[in-house]
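Asker:
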Amino acid sequence: MLITVIRQHALAIVINICLNDNAFVIQVDHHRDWQRRVPTHSVSHVSGAVPREDGRIIGGYECIPNSRPWMASLNYGYHFCGAVLINDQWLLSVAHCWYNPYAMQIMLGEHDLRVFEGTEQLMKTDTIIWHPSYDYQTLDYDIMMIKLFHPVTITDSVMPISLPVGCLYAGAMCSVSGWGDNNSEAATSLQCLDLPIVDNKDCQNSYPGMITRNMLCAGFMDGGRDACSGDSGSPLVCFGEVHGLVSWGQGCAQPGYPGVYTKVCEFLPWIKNTMEGN
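Dropping the structure here:
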């Protein structure tokens with residue numbers, strides 16, 4: 008079944024949403040222009056899980072330039088979310104970062120957002136696919152896939168990262184990177200933070216009744232160091248694999264409230280089937 012939805016954010020656009028057995032497939036019509044505005048819900052009004060939409064990594068350090076070649080910036084005039092390259096034409100991010108694909112650009116090979124470094128690749132979006140069970144109120148199944156209009160050129164600065172072969176154990180050391188939101192007190196250079204996977208029992212105790220099997224916590228129970236808003240969609244990397252995507256949390260770097268990430272290992276069949284089917 009094909010439903011045509013008109014949504015205007017910064018630019019008018021027609022989106023074709025194909026409903027099938029395993030995804031909402033959003034395909035951009037670049038050749039039509041509409042002026043009607045259709046109201047849409049916003050996750051900023053949710054009273055439950057709060058997505059991370061502005062701010063920056065707290066307590067981290069500036070990454071070595073281009074040491075995270077899989078890192079991508081979702082951009083519509085300024086950086087608003089992160090994403091991660093998993094092959095030469097597909098990225099993962101979180102569903103609450105969805106934005107008008109016609110206006111959104113994807114920057115790879117970036118380190119300092121305000122400096123042209125010669126390593127950047129600016130890409131257009133072909134298709135965005137939400138997980139069909141995404142719940143904008145609880146942020147369960149908070150994951151989407153982005154297909155680029157053209158494959159990237161693989162270089163030392165632009166390179167995909169491996170998907171996990173399994174799920175991780177508590178205490179495993181990982182790193183997260185991100186720029187935050189350039190409209191607030193964000194860093195212009197990519198920031199990194201090393202942090203452990205939090206035991207699931209402690210994660211559940213921090214957020215009673217809110218953590219599902221599709222989520223994991225990472226960070227420090229004493230606070231002070233955390234990914235923050237504007238880092239949404241940025242990858243949690245452990246042992247050379249992407250295991251998480253920054254999703255939500257209670258404030259930033261608050262004691263007793265580690266960051267909550269989309270648990271990538273739970274979505275491996277869906278990711279594989281989505282790429283094969285599109």
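Per this note's numbering, residue 8 is the first one in the sequence shown, and the count goes up by one each step.
Each residue gets a CB set at the ideal place from its N, CA and C atoms; glycine is no exception.
Report yes if the C-beta distance between residue 254 and residue 149 is below 8 Å; otherwise report no.
Answerer: Cβ atoms of residue 254 and residue 149: closer than 8 Å.
Asker: Just the C-alpha distance for residue 80 and residue 238, rounded to the nearest angstrom, thanks.
Answerer: So the alpha carbons of these two residues sit roughly 10 Å apart.
Asker: Please report the straight-line C-alpha distance between residue 164 and residue 146, rounded to a whole angstrom.
Answerer: Whole-angstrom Cα-Cα distance: 32 Å.
Asker: Alpha carbon to alpha carbon, what distance is there between residue 88 and residue 60?
Answerer: At residue 60, the pLDDT of 45 sits below 50, so the modelled position is not reliable; the number obtained from the coordinates is stated separately. Each residue's alpha carbon lies about 8 Å from the other.
Asker: Taking the beta strand (DSSP E) that residue 130 belongs to, which residues open and close that run?
Answerer: Here the beta strand (DSSP E) through residue 130 covers 128-137.
Asker: What first and last residue would you give for the alpha helix (DSSP H) that runs through residue 124?
Answerer: No alpha helix (DSSP H) contains residue 124, which DSSP labels as neither H nor E.
Asker: Alpha carbon to alpha carbon, what distance is there between residue 209 and residue 181?
Answerer: Each residue's Cα considered, the two are about 18 Å apart.
Asker: Indicate the three-state DSSP secondary structure (helix, strand or coil) for residue 276 in the structure shown.
Answerer: Residue 276: helix per DSSP, three-state reduction.
Asker: Between residue 153 and residue 97, is the Cβ-Cβ spacing less than 8 Å?
Answerer: Taking 8 Å as the Cβ cut-off, residue 153 and residue 97 qualify as a contacting pair.
Asker: Flag this pair as touching only if the region 218-236 and the region 254-266 have three or more C-beta atom pairs under 8 Å; answer yes or no.
Answerer: Touching, per the Cβ criterion.
Asker: Quick one: what's residue 233 bridged to in DSSP?
Answerer: Beta-bridge pairing links residue 233 to 65.
Asker: In three-state DSSP terms, what is residue 47?
Answerer: Any reading at residue 47 needs caution, since the residue's pLDDT is 29, under 50, leaving its predicted position unreliable; the model's value is listed next. Coil, per DSSP.
Asker: Within 10 Å of its beta-carbon, does residue 268 have 16 or more other beta-carbons around it, so buried, or fewer, so exposed?
Answerer: The residue is buried, with at least 16 neighbouring Cβ atoms inside 10 Å.
Asker: My output table needs one value for residue 282: the three-state DSSP class, helix, strand or coil.
Answerer: DSSP places residue 282 in helix when its eight states are reduced to three.
Asker: Rounded to whole angstroms, what's the CA-CA distance from residue 196 to residue 183? Just pull it up for me.
Answerer: Taking the straight line joining both Cα atoms gives about 14 Å.
Asker: May I ask you to list the residues that DSSP assigns as paired with residue 154?
Answerer: Bridge partners of residue 154: 97 and 134.
Asker: Between which residues of its own chain and residue 207 is the CB-CB distance below 8 Å, once the five residues before and five after are set aside?
Answerer: Excluding sequence neighbours, residue 207 sits near 177, 218, 223 and 224.
Asker: Between residue 64 and residue 85, what straight-line distance do the alpha-carbon atoms span, to the nearest angstrom?
Answerer: So the alpha carbons of these two residues sit roughly 17 Å apart.
Asker: Report the residue from 249, 136 and 200 whose alpha carbon sits nearest the alpha carbon of residue 280.
Answerer: The shortest C-alpha separation from residue 280 is found at 136.
Asker: Could you tell me if residue 233 is buried or exposed, where buried requires 16 or more neighbouring beta carbons within 10 angstroms of its beta carbon?
Answerer: Under this definition residue 233 is a buried residue.
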